[in-house]
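Visitor: Protein chains in written order, with the numbering used here: chain R, -4 to 626; chain E, -4 to 626; chain F, -4 to 626.
I'd like to ask some things about the structure below.
Below you can see the structure in the form of structure tokens.
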């Protein structure tokens, strides 16, 4: 049936440890061999997974010390679901590598197996962080390597504050369970350590697979950094390409949790028009090659607070949208809805009775569309606009609240949303990335900006837009001695004299171009040493400043300001915008231009008369797609 | 004073262990003997309780292993309040039976003691569930008895999912403390096990009492299943009759927690017009004989978030309403308001200074009313309408959320409320009950429907109305292989193709009889194989279907739809309805008809001119009662 | 720079243990010696602190048993922030006294050191309560001292309820971790014990300092009793005077958490007009001498949910307001904003780069104002109105909820706010205080009223106003046998027949003087034995009663009622009121009258033509201050 539908790839075995090794050292590979053969015989290519996200019960009973400990409660997180292992456990590391090596040996060179996925959604359920004894020891060791001497560590973290000084590395605690908040520098170190442990796990597994599976790709299905606390850029480094799992409706429910019914209703069966694209563009940024969607939602899922049905057409729309944003493959999760277990309410392409679900004909059509457009032959080109993101930005703002409402993920998404509603293409980069070729580089919030990055900025021809909190922290989470934006003052001669945060409903004004926008939540008092004041607070003090090619926005704003401000910048820099209609999203891949209609209205695309439409029509129906050839 | 007031029964000793056995093996029965004699001499009948809800401190210190462990936190639940024992503890079981036997021996044949209450509000405070080591062992044993082989258990639960397979029974964990959600089948087994443990405790105690107290009744004061997690039908099996504790104001505060002040204000001093009756009818359903109200709220209590004073007249109204719904006795809790302890703000018939509280004259009047009407001579007849309920329905929907707002208890209450506001009498039955004599059987949500029940439905002459989620699970919490409503397809040839859940404020339409109602929260996509589509969703797809004598409602709806739909069904089936006015409730007992006015307005009852009014008048005052003879 | 600014006092060393004793028994005092000398040489006076709020890591590692245990979670509260010690730990007590003695010996007689602060914000972060084993043992010992026999304890607490009786003192548990709520008497004892432990710690430290530092003052920077659970009156007893830490914006964010944006916006950059004054007056009440503000917020802080910038002028206004309410010193926290640690976002008088923050010129101006007015030469006189407060009032209402919305702190503040918006001066007293000289004594809520207090009331010439819940508990948290207001019935012959609590939005009427006010949340049914009914509920029953010179308010009310009622009482008693305008606050110190304009409007002060204005002007600008000489 998979062949009948036109599928190419099948991912398998991601949680299969208890079937591969039902008892310590006792293996049953026959069923998996058969599965691979069956798929191969049907002409399908297999993506094999390591089953390390679910160590079986006998292994947990043999080595109970592999279980992670919840940092918030101090309680061991036990067996009974998934991801019950501690990244700091050497014992589990060895076990994970053992099963990986066995599988890689057996299947590494099998022709039908074209690639591998390591583990699964690594660090989902906050498993990046553990407060176990092994995690504490490993953290102490990590600290001793990073800081060399305990005095250097005390100095770097500012432990003199509140007499938090340590006398030796073995006295170091994890930043958990204290009477009140722990040192932010301590917490940042814990985040870095935890992320590195995860990357080490994935790196080692990747190396092991490569040793036995030459020529096969290795990927991983990433979760957003904001969920997993892992630096996805580092995690992606050893992989051939990145993948992610796309659940537009599961996430919209969380994203619009505090929205009115009216607002939610618009998107509850489509997802927010920029949500999938945001994940696609983010994932594309982690590694250079085309990314994969390893799991595409094909119907209602089970894990959101509420689980709506996708509007008719959305499965196809999401599929084509992924390709338009540079996907190399879109794989649906799951094939058949399960009869049992935690995900029995998670839709598949087939229902539990093997009947075809509503997604089936849409997938069929999408496959035909991709073929018709020769979509995979089109190369996704570099965008004009880059957004700089960083795991450390997530960590810093999670650690230092200062405002109950400064949520890095929301802020970055809001900047992205403003750009995408202008029809601007966006690449995500991180501080280590090459910036050449970009006309405009935007940092919604980049608190830690080191010397190397400053040099890169200076060397670049791009224009820059920085949001508030940029350069606001040193690499060890202290305050810059020259005040924020710290090192960025080398480029933008201004100083942040004070910062206030307001409850989100206490909105104040932001005056730009004779129009009043909104300043909210995070508001910096700026001293401009050399630069032009573009926008002002209600009291006339500077809020947005331009210093040469760099604009600094000292406050969070409404989306309208971002749109108008970005539009002006794009116009000045000759960056293409495409504002085609309400909830219409325009994106380019190679020589193809795509329009996706997220609204419930039919809309007319303002295309040239001679536009060569390859798919759909000028008059685009709700939840439909139109593709035309770029002139 | 109790005699003066006209009371008949006095319940005593329910928490008296530390006074009966102040030290290990040292007994002081004299005070209790005296109390019994005093009551007997005043012509009062005594209901004696086992004091097992409060093991004394010396017992806890001797056997600390009897303490339960909170499944959510993993913390031991210690001494200092009540119910600090684990139903899986054999040690505590033995101690509870020891004190029970001692009391039964001493008092079993005392003439003044007419009956017994086992324990008190068993499993209140979620004590049905414990995560202790003894609970884990007992669960393993229970599993081995139920499933015989570990392969059968793995198969039944679908443990292959996420490699959750167990290698032997002694490896089984309780479904607590895992990294993310545990297997629903595992959780259902834990609920079943826990409920059976509680029933075993109660069964054994009941047997012991009967051995020493021949001819005396044994009852228990039940909590709602939704609070205690016990299958009250099973718990009631060995008892002579069921009792419950009626706190209309304590519950209204919780029930209307999210309502506006305007909505709450209507009922804050009366309780919801259907709340008490719902508990009465539920309790009557647990066993055949007249139920008792073992505790009737006589004034403000102490345990709700807010504790209003009953409106004048309500103590009498609640009392008569209980009898009208089939009570054999209404006992007030408490006699005198306590001077100390956790419940010193809980009203009694007497104040702490022995003065008569506002409830006194109302109770006096109610006692006279009951006598005047010879109420206890009237037999409560079987209703025309039965609602099928089941502990498993509570458990399934608590375990599998799928929607943040699908609350089984609210849904069942809403169905009941619609029927009662039509003035229809309702019996509650469970899947094991005899359905003969019912004209209409309604299941608001009955996810597990076995073969035996299907046979019963087929054999019945009744019409049926099933709400969404019916037949949606197998007995082991897997998805039916033929899709929901599973086995019910034998009667209703339709299939649920998909299910979506929406945030409760995102309401959609339901079109029936040319009128637009509301479809909300839970919405099933139905494929009708053979049947008539009665109501449709906004997109024209079937929402309510009739297959022969069975109507299937594939969505949650507004109450208005339920009322209109039930009214139509009642009319078709010749079931009496009594819609007499706003917040007026009409109910029958024997040859008496009762009207209770929950509103704040005087209303005229639309009685026949010749109606023989026995109590009150045709023009019924707020919070008053009218009784007339049925023609 | 401190001298340049005109500062007089500098507080140091409050968290410096790890620098003074970096390793067990290894001391480094040189840096502190130098600091003291430097300050002395600049003409500054030093307030030295004991560093006991932050035991260093080596001490925690040597004596892990000093760590407190969280009563809510049972989890040990570890190292990594501050206040990680258990007041019941004898080991820590000895360590704290050891370091105190060492410091007192070294610095006790140093001329530049004029006084001492013990510890820091004692019991902040709820460290008054610990559920450790040492706390349990200490509590058992405390109980044996207080109650002498276990029977007396069981009797006092009413442990017969729910079989909670103890057989001996060593069996006593802390009132934590039980299945449901523990005995309120048990909890009150735990609060008393905990508070006494804290006072013992502070008393001992104070004695030790005095032994080595004759002639130097000892103070402590108090937190509100509602935050710390300590009886501040007892804590203050051994001190020379009391201090407190004033954070008007940090607290306004919490205080108006549930208010609309409109309400919050009015005060988000000024604080509530009565919030600072409330703390000043409270602190002044703890001991007789002029109090200090040990920490005055000089800009945005870091610890509130949102952290606004003070409106221009507010630093000066708050400073002068503190003096007007009787301060002897206002000290700003902190001098320079920190570069690292948990408080790096907490503003100082200097920024991190040593530049002067916005507060600097305001402080400069305030110092000049104080000098100009010779403010410290003016003696704060006793007010006409006293409010009786008590730690036990906080504890009782925290322990016995009865209403989700009866918050003692809010109620007391509301009474105070009503008085202050009338321009009435208020002293806070506690039950042990001398009442002579007061014309009006107000108790917003004083549940425990003993015999001694009754005698004091009887002997007083003052009039009294009591709020609901007065006299509602015996000293052991039982219900008064003669009903509330218990012993107060000796003065006010009335009885509380019943109490109801309503959700705060279900407001009912209160009729007084022909006007309808609001009765809400807590509503008592009063039986008036001898007295005049002043105000009535909607049903005509008495709500406010006057018995001779005592008025009893049987319900919580709106602020408008309090204002009107207090105004009438003031007029009757010849108490001066000063209602000068919106959000204008008038207060007297000695012969000076102060007006503080918390509003955003310029307002005209209704002063006599001949008024001698010493500071500011008759037309008072927003956030400005006017001072005139009293006639």
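Virtual Cβ for every residue (Gly too), placed ideally from N, Cα, C.
Could you give the residue range of the alpha helix (DSSP H) that holds residue 214 of chain F?
Guide: Along the third chain, one-based indexing puts residue 214 of chain F at 219. Element bounds for residue 214 of chain F: not the alpha helix (DSSP H) but the beta strand (DSSP E), 212 to 214.
Visitor: Does residue 353 of chain F have its Cβ less than 8 Å from a Cβ in chain R?
Guide: Here residue 353 of chain F corresponds to residue number 358 of the third chain, with the count starting at 1. Chain R, which has a Cβ nearer than 8 Å to the Cβ of residue 353 of chain F, makes this yes.
Visitor: From residue 8 of chain F to residue 42 of chain F, what distance separates their C-alpha atoms?
Guide: Working through the third chain from its first residue, we reach residue 8 of chain F at position 13. Working through the third chain from its first residue, we reach residue 42 of chain F at position 47. Here the alpha carbons of residue 42 of chain F and residue 8 of chain F stand approximately 9 Å from one another.
Visitor: By the criterion of Cβ-Cβ separation under 8 Å, what are the contact partners of residue 485 of chain F in chain E?
Guide: Against the third chain, residue 485 of chain F aligns to sequence position 490. The contacting residues do not exist; residue 485 of chain F stays about 16 Å from chain E at best.
Visitor: DSSP on residue 137 of chain R, reduced to helix/strand/coil?
Guide: Residue numbering aside, residue 137 of chain R sits at position 142 when the first chain is read from its first letter. Here residue 137 of chain R sits in helix by DSSP.
Visitor: Determine which residues share a DSSP beta bridge with residue 496 of chain F and list them.
Guide: Locating residue 496 of chain F in the third chain gives position 501, where the first residue counts as 1. Residue 496 of chain F is bridged to F:517.
Visitor: Below 8 Å CB to CB, which residues in the same chain sit around residue 51 of chain E once its five sequence neighbours on both sides are set aside?
Guide: As a working mapping, residue 51 of chain E is identified with position 56 in the second chain. Take residue 51 of chain E, set aside five residues on each side of it, and the residues of its chain with a beta-carbon closer than 8 Å to its own are 12, 13, 16, 17, in chain order.
Visitor: Which runs of the beta strand (DSSP E), 3 residues or longer, sit entirely within the region 84 to 171 of chain R?
Guide: 108 to 112
Visitor: Any beta carbon from chain E within less than 8 Å of residue 337 of chain R's own beta carbon?
Guide: Reading the first chain from its first residue, position 342 is the one you call residue 337 of chain R. For residue 337 of chain R, the answer is yes, since a Cβ of chain E falls inside 8 Å of its Cβ.
Visitor: Roughly how many whole angstroms lie between the Cα atoms of residue 394 of chain E and residue 466 of chain E?
Guide: For the purposes of this step, residue 394 of chain E is taken as the residue at position 399 of the second chain. For the purposes of this step, residue 466 of chain E is taken as the residue at position 471 of the second chain. Their backbone Cα atoms lie some 16 Å apart in a straight line.
Visitor: In this structure, how does DSSP classify residue 624 of chain R when only helix, strand and coil are distinguished?
Guide: In the first chain, residue 624 of chain R corresponds to position 629, counting from 1. It is a strand residue.
Visitor: Quick check: the Cα distance between residue 31 of chain R and residue 23 of chain R, rounded to an integer number of angstroms?
Guide: If you number the first chain from 1, residue 31 of chain R lands on position 36. If you number the first chain from 1, residue 23 of chain R lands on position 28. Spanning the two alpha carbons is a distance of roughly 14 Å.
Visitor: My assumption, with CB atoms under 8 Å, is that residue 524 of chain E sits in contact with residue 481 of chain E. Please give the rounded CB distance.
Guide: On the second chain, position 529 is the one that residue 524 of chain E refers to. On the second chain, position 486 is the one that residue 481 of chain E refers to. Contact doesn't hold; Cβ gap of about 14 Å is too wide.
Visitor: Could you list the residues in the region 460 to 480 of chain E with a C-beta less than 7 Å from some C-beta on chain R, going in chain order?
Guide: 473, 474, 476, 477, 478
Visitor: If you measure from the beta carbon of residue 501 of chain F to each beta carbon in chain E, is any gap under 8 Å?
Guide: Taking the third chain and counting its residues from 1, the one referred to as residue 501 of chain F is at position 506. It does: the Cβ of residue 501 of chain F has a partner Cβ on chain E nearer than 8 Å.
Visitor: Between residue 578 of chain R and residue 268 of chain R, how many whole angstroms is the CB-CB distance? I'm expecting something under 8 Å.
Guide: In the first chain, counting from the first residue as 1, residue 578 of chain R sits at position 583. In the first chain, counting from the first residue as 1, residue 268 of chain R sits at position 273. Confirmed, Cβ separation roughly 5 Å.
Visitor: Check this for me: beta carbons of residue 430 of chain F and residue 447 of chain F, under 8 Å apart or not?
Guide: Walking along the third chain from the start, residue 430 of chain F turns up at place 435. Walking along the third chain from the start, residue 447 of chain F turns up at place 452. Judged by beta-carbon spacing, residue 447 of chain F lies beyond the 8 Å limit of residue 430 of chain F, meaning their Cβ atoms are not closer than that value.
Visitor: What residues match up with residue 550 of chain R in a beta bridge as DSSP calls it?
Guide: On the first chain, position 555 is the one that residue 550 of chain R refers to. Beta-bridge pairing links residue 550 of chain R to R:518.
Visitor: Identify the residues that DSSP records as bridge partners of residue 582 of chain R: which are they?
Guide: For the purposes of this step, residue 582 of chain R is identified with residue 587 of the first chain, where counting begins at 1. Beta-bridge pairing links residue 582 of chain R to R:589.
Visitor: Going by the beta-carbon positions, is the gap between residue 512 of chain E and residue 556 of chain E smaller than 8 Å?
Guide: Here residue 512 of chain E corresponds to residue number 517 of the second chain, with the count starting at 1. Here residue 556 of chain E corresponds to residue number 561 of the second chain, with the count starting at 1. Taking 8 Å as the Cβ cut-off, residue 512 of chain E and residue 556 of chain E qualify as a contacting pair.
Visitor: Whose C-beta lies closer than 6 Å to the C-beta of residue 186 of chain F among residues of the same chain, with five residues either side of it excluded?
Guide: Residue mapping note: residue 186 of chain F aligns to position 191 of the third chain, counting from 1. These residues qualify, in order along the chain: 390.
Visitor: In chain F, which residues lie less than 8 Å from residue 53 of chain E when you measure between Cβ atoms?
Guide: On the second chain, residue 53 of chain E is found 58 positions in, with the first residue counted as 1. Correct list: 162, 166.
Visitor: Per DSSP, what are the beta-bridge partners of residue 5 of chain F in this structure?
Guide: The residue labelled residue 5 of chain F in the question sits at position 10 within the third chain. Partner(s): F:41.
Visitor: Which residues does DSSP pair with residue 603 of chain E in a beta bridge?
Guide: Along the second chain, read from residue 1 onward, the residue named residue 603 of chain E stands at position 608. Beta-bridge pairing links residue 603 of chain E to no other residue.
Visitor: Which word fits residue 377 of chain R, buried or exposed, when buried means at least 16 other C-beta atoms lie within 10 angstroms of its C-beta?
Guide: To locate residue 377 of chain R, count along the first chain from 1; it is residue 382. Exposed, because fewer than 16 other Cβ atoms sit within 10 Å of the Cβ of residue 377 of chain R.
Visitor: First and last residue of the beta strand (DSSP E) that includes residue 503 of chain R?
Guide: For the purposes of this step, residue 503 of chain R is identified with residue 508 of the first chain, where counting begins at 1. 503 to 507 is the extent of the beta strand (DSSP E) around residue 503 of chain R.
Visitor: On the CB-based measure, 16 or more other CB atoms within 10 Å of its CB, does residue 495 of chain R come out buried or exposed?
Guide: What you label residue 495 of chain R is simply residue 500 of the first chain in a count that begins at 1. When all chains shown are included, residue 495 of chain R counts as buried.
Visitor: Which value, in whole angstroms, describes the spacing of the CA atoms of residue 425 of chain R and residue 102 of chain F?
Guide: Within the first chain, numbered from 1, the residue matching residue 425 of chain R stands at position 430. Within the third chain, numbered from 1, the residue matching residue 102 of chain F stands at position 107. When rounded, the distance between both Cα atoms is 54 Å.
Visitor: Taking only runs of the alpha helix (DSSP H) that begin and end inside the region 261 to 320 of chain R, which ones reach a length of at least 4 residues, in chain order?
Guide: 270 to 281, 309 to 319
Visitor: Assign residue 152 of chain R to one of two classes, buried (16 or more other C-beta atoms within 10 Å of its C-beta) or exposed (fewer than that).
Guide: For the purposes of this step, residue 152 of chain R is identified with residue 157 of the first chain, where counting begins at 1. So residue 152 of chain R counts as buried.
Visitor: Is there a Cβ of chain E sitting closer than 8 Å to that of residue 178 of chain F, yes or no?
Guide: Walking along the third chain from the start, residue 178 of chain F turns up at place 183. Interface residue, yes.
Visitor: I need the DSSP call for residue 527 of chain E, collapsed to helix, strand or coil.
Guide: Position 532 of the second chain, counted from the start, is the residue given in the question as residue 527 of chain E. Strand, per DSSP.
Visitor: Going by DSSP in three states, residue 705 of chain F sits in which element: helix, strand or coil?
Guide: The structure shown does not extend to residue 705 of chain F, since chain F is modelled only from -4 to 626, so the question has no answer here.
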